[in-house]
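So the sequence lines, in the order shown, correspond to chains A and B. With our numbering, you'll find the first sequence wraps up at 632, consecutive numbering, no jumps. With our numbering, you'll find the second sequence wraps up at 632, consecutive numbering, no jumps. Comments concern the structure below.
There are 2 protein chains.
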Amino acid sequence: MKAQLIWIALLSLATTRATPAVLTKEINTIEDDSECKPLVIAHRGASGYVPEHTLGSYSLAIAMGADYIEPDLVMTKDGHLISRHDNELGLTTDVSERPEFASRRRNQTVDGTELDGWFTEDFTLEEIKTLRVVERIPDIRTGNTRMDESFSILTFQEIIDLAKGFQNSVKRVIGVYPEIKHSTHFRRIGLPMETLVVDTLHRNGYEGQHAPIYIQSFEVSNLKELKKITNLKLLQLFESDKSLQPADQKELGTKLTYGDMATADGLKEVATYAYAVGPDKSFIIPRTSENKLGSATSFVDDAHNAGLKVHPYTFRAENAFLPAEFQTADKLPASLGNLKGELEAFLEAGIDGLFSDQPDIPINMRTSCVLKAN
Amino acid sequence: MKAQLIWIALLSLATTRATPAVLTKEINTIEDDSECKPLVIAHRGASGYVPEHTLGSYSLAIAMGADYIEPDLVMTKDGHLISRHDNELGLTTDVSERPEFASRRRNQTVDGTELDGWFTEDFTLEEIKTLRVVERIPDIRTGNTRMDESFSILTFQEIIDLAKGFQNSVKRVIGVYPEIKHSTHFRRIGLPMETLVVDTLHRNGYEGQHAPIYIQSFEVSNLKELKKITNLKLLQLFESDKSLQPADQKELGTKLTYGDMATADGLKEVATYAYAVGPDKSFIIPRTSENKLGSATSFVDDAHNAGLKVHPYTFRAENAFLPAEFQTADKLPASLGNLKGELEAFLEAGIDGLFSDQPDIPINMRTSCVLKAN
């Protein structure tokens with residue numbers, strides 16, 4: 259923490275001449291600022307408006323007032339952490355149109371899913387940097403396709419640099435909320451991520467539970483290992499399908515499922531290593547057979563009783579993702595429905611934070627802090 | 259310049275622990291970096307993708323690699339510089355839906371145009387900050403309307419803060435390119451802008467011709483006055499209609515038109531006070547009767563002979579704004595045509611920089627520097 263405070267102090271000093279900086283020790287962690295609840299985590303950046311995991315989507319998210327920007331992390335062949343949702347590159351880059359990389363195409367099974375494509379672990383960072391990013395869901399986010407091929411893939415360090423520079427511009431703390439993707443897979447191929455993620459964060463001055471950082475994973479063993487090497491906040495993710503097992507648990511031959519972990523007792527066990535949980539929304543308010551919101555479960559209470567914060571994923575404004583009662587009358591998948599309505603139900607259920615592709619919508623519901631945020 | 263260098267040095271020091279900063283004396287001005295030509299000025303930010311003049315549009319522009327972000331400046335009642343294209347607020351904010359401001363609606367003539375609406379000079383900054391920004395051309399930029407009411411209006415200082423913080427994130431200099439709007443109008447009502455703009459820039463460490471700043475105006479007298487109080491670069495804008503007079507010249511009773519100023523002799527006169535000129539595109543390549551690009555005029559050569567840099571406006575990717583031969587076959591106003599084609603013709607004509615609502619497109623044409631930019 260000390261290094262970060264020195265950094266902020268120097269930045270404050272550096273800009274004193276222009277405007278009094280308000281970044282002080284008192285608000286060096288976002289949670290200290292109790293007016294701004296729930297925490298808003300910009301999921302892959304403001305990915306509802308700009309292709310995900312780009313300097314554009316992260317920048318726009320911060321400009322909108324997001325508390326945290328959320329990069330998913332995977333590995334390159336030469337051991338660099340980069341930001342992509344998947345290690346397969348075909349879906350979100352122009353790699354399939356690049357003849358020089360045609361021979362890299364292959365099949366492999368990642369976390370039990372057979373994939374055909376181009377994989378980050380087969381590319382050096384230098385090669386990755388030549389790729390251009392395209393929109394993942396162009397039919398639903400046509401507006402985003404206007405920026406196809408405008409951005410390159412970012413390293414984790416570049417994302418940290420963005421947050422640190424930008425927090426001096428907007429005079430508030432910007433958190434970073436990395437997810438370690440496919441931990442077991444990358445460990446198996448000799449590219450383990452955990453120590454690298456922690457070292458990168460510590461080296462950048464992020465240390466201790468009050469630093470504006472969460473490290474998330476769908477796996478369990480790696481979070482337990484992380485607990486031994488860092489005091490940064492850890493978050494356990496839960497897949498929507500309760501019958502599924504975390505990839506490491508399957509590998510270990512245990513029977514533990516996400517459903518087991520989501521019981522009152524399961525959450526107490528999670529609390530021994532995690533600070534917070536990131537369940538699919540359905541753990542908190544499942545949908546009915548008519549795709550409407552049903553009744554809230556005891557998940558939030560159970561998690562709170564175990565001492566865990568609750569940050570569900572993913573809140574998205576397009577009809578395609580909304581409960582039926584919040585969709586627009588035209589029912590077109592790409593039309594923007596009433597995300598605010600869905601959010602109100604989840605806030606009522608007591609959540610502490612949330613992941614959203616349209617962070618501006620939950621932020622603008624926090625009237626007490628919206629003006630200072632954006 | 260000294261203050262800015264100290265500021266950059268402090269920022270460099272502050273982040274040394276994370277990554278070696280590359281912002282040094284050697285590239286403290288954008289023009290020193292000769293690989294990156296033409297200069298790309300993000301017109302009202304990346305206003306092709308996010309509502310103009312917002313923290314979102316400026317941030318996205320920088321993320322895309324723009325050299326300069328371009329705020330238009332107008333005044334509040336209590337003497338603050340804010341960023342809007344017009345002093346009328348109805349077109350780009352929610353002011354018309356705000357009952358508490360209904361009584362502020364009025365008619366007035368600004369620079370010869372009769373307007374009905376709400377005017378920045380009737381609002382304090384505190385009041386202005388409660389307004390929410392909406393897209394100016396929603397039919398053409400439907401994608402931008404997704405962010406209606408996501409942003410507030412920015413002060414000039416907030417834009418400078420953005421550029422300074424962000425340049426430390428992306429390790430390159432970010433320029434600011436303010437336009438003084440309606441100078442004669444604001445002077446007449448007791449809210450002159452020129453000294454305030456210059457003082458703000460000097461106070462932020464921007465001094466001298468090498469600072470990454472251009473101050474632009476469609477008027478003449480104010481640029482001549484500015485020349486006396488600052489060494490920052492000045493740019494003379496030219497309205498597309500050559501028969502028009504700058505507002506100050508009309509007020510002074512001279513006969514000087516933009517057409518007169520655009521002759522070889524006229525440009526020599528402009529060069530006595532301005533560093534560069536910002537003509538409407540038609541001064542360089544007029545369109546034919548079929549709305550196609552015609553032949554290049556002698557404007558660029560004449561300006562260069564006078565020692566002036568040439569930065570034409572405005573390059574926009576939608577059919578509505580493109581020459582016929584670069585529009586898509588569907589001819590729909592909102593469809594994105596071949597802006598690259600239009601840009602190639604203007605680059606061929608020898609321009610030094612350009613204003614664009616889609617800065618990513620010209621930036622991605624500068625292959626030698628695109629990778630370090632975004």
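The beta carbon of each residue, even a glycine, is placed where N, CA and C say it ideally should be.
Paired residues, beta bridge with residue i - DSSP
i, result
"residue 223 of chain A", "No statement about residue 223 of chain A is possible, as the shown extent of chain A runs from 259 to 632 and does not include it."
"residue 614 of chain B", "B:300 and B:573"
"residue 451 of chain A", "DSSP output for residue 451 of chain A lists no bridge partner at all."
"residue 534 of chain B", "B:493 and B:567"
"residue 371 of chain A", "A:368"
"residue 414 of chain B", "Paired residues: none, contrary to the question."
"residue 333 of chain B", "B:339"
"residue 433 of chain A", "A:326"
"residue 346 of chain A", "A:377"
Residue i in three-state terms, based on DSSP
i, result
"residue 554 of chain A", "coil"
"residue 351 of chain B", "strand"
"residue 621 of chain A", "helix"
"residue 442 of chain A", "helix"
"residue 514 of chain A", "coil"
"residue 545 of chain A", "strand"
"residue 580 of chain A", "coil"
"residue 590 of chain B", "coil"
"residue 327 of chain B", "strand"
"residue 456 of chain A", "helix"
"residue 308 of chain B", "coil"
"residue 393 of chain B", "coil"
"residue 379 of chain B", "helix"
"residue 585 of chain B", "coil"
"residue 279 of chain B", "For residue 279 of chain B, the pLDDT reaches just 35, beneath the cut-off of 50, and the residue's location in the model is therefore unreliable, leaving the point undetermined."
"residue 467 of chain B", "coil"
"residue 462 of chain A", "coil"
"residue 486 of chain B", "helix"
"residue 638 of chain A", "Residue 638 of chain A falls outside the range modelled here, since chain A spans only 259 to 632, and no answer is possible."
"residue 313 of chain B", "helix"
is_contact[residue i, chain B] using C-beta, thresh 9 angstroms
i, result
"residue 419 of chain A", "yes"
"residue 314 of chain A", "yes"
"residue 320 of chain A", "yes"
"residue 324 of chain A", "no"
"residue 336 of chain A", "no"
"residue 259 of chain A", "Note that residue 259 of chain A scores a pLDDT of 35, beneath 50, so its modelled location is shaky and nothing firm can be said."
"residue 317 of chain A", "yes"
"residue 575 of chain A", "yes"
Proximity test, Cβ basis, 9 angstroms: residue i and chain D
i, result
"residue 308 of chain B", "Looking at the structure shown, chain D is missing, and the protein chains on hand are A and B."
Closer than 9 angstroms to chain A by CB, residue i
i, result
"residue 424 of chain B", "yes"
"residue 305 of chain B", "no"
"residue 401 of chain B", "yes"
"residue 614 of chain B", "no"
"residue 492 of chain B", "no"
"residue 302 of chain B", "no"
"residue 405 of chain B", "yes"
"residue 429 of chain B", "yes"
"residue 409 of chain B", "yes"
"residue 344 of chain B", "no"
"residue 622 of chain B", "yes"
"residue 594 of chain B", "yes"
"residue 618 of chain B", "yes"
"residue 495 of chain B", "no"
Test item: CB-CB of residue i and residue j under 9 angstroms
i, j, result
"residue 379 of chain B", "residue 345 of chain B", "yes"
"residue 318 of chain B", "residue 308 of chain B", "yes"
"residue 349 of chain B", "residue 394 of chain B", "yes"
"residue 495 of chain A", "residue 455 of chain A", "no"
"residue 558 of chain A", "residue 520 of chain A", "no"
"residue 330 of chain A", "residue 302 of chain A", "yes"
"residue 589 of chain A", "residue 623 of chain A", "no"
Exercise for the section: Count the C-beta pairs between the region 462-478 of chain B and the region 426-441 of chain B that are closer than 8 angstroms, then say yes if the count reaches three, no if not. Expected result: yes
Practice task
Decide if the region 598-615 of chain A is in contact with the region 565-578 of chain A; the criterion is three or more beta carbon pairs, one per stretch, under 8 angstroms apart.
Solution key: yes
Practice task
Say whether the region 450-466 of chain B touches the region 384-403 of chain B, bearing in mind that this needs 3 or more beta-carbon pairs closer than 8 angstroms, one atom from each stretch.
Solution key: A contact is defined here as three or more CB-CB pairs under 8 angstroms, and the region 450-466 of chain B fails this definition with respect to the region 384-403 of chain B.
Exercise for the section: Count the CB pairs spanning the region 357-372 of chain B and the region 479-488 of chain B that are closer than 8 angstroms, and state whether there are at least three. Expected result: no
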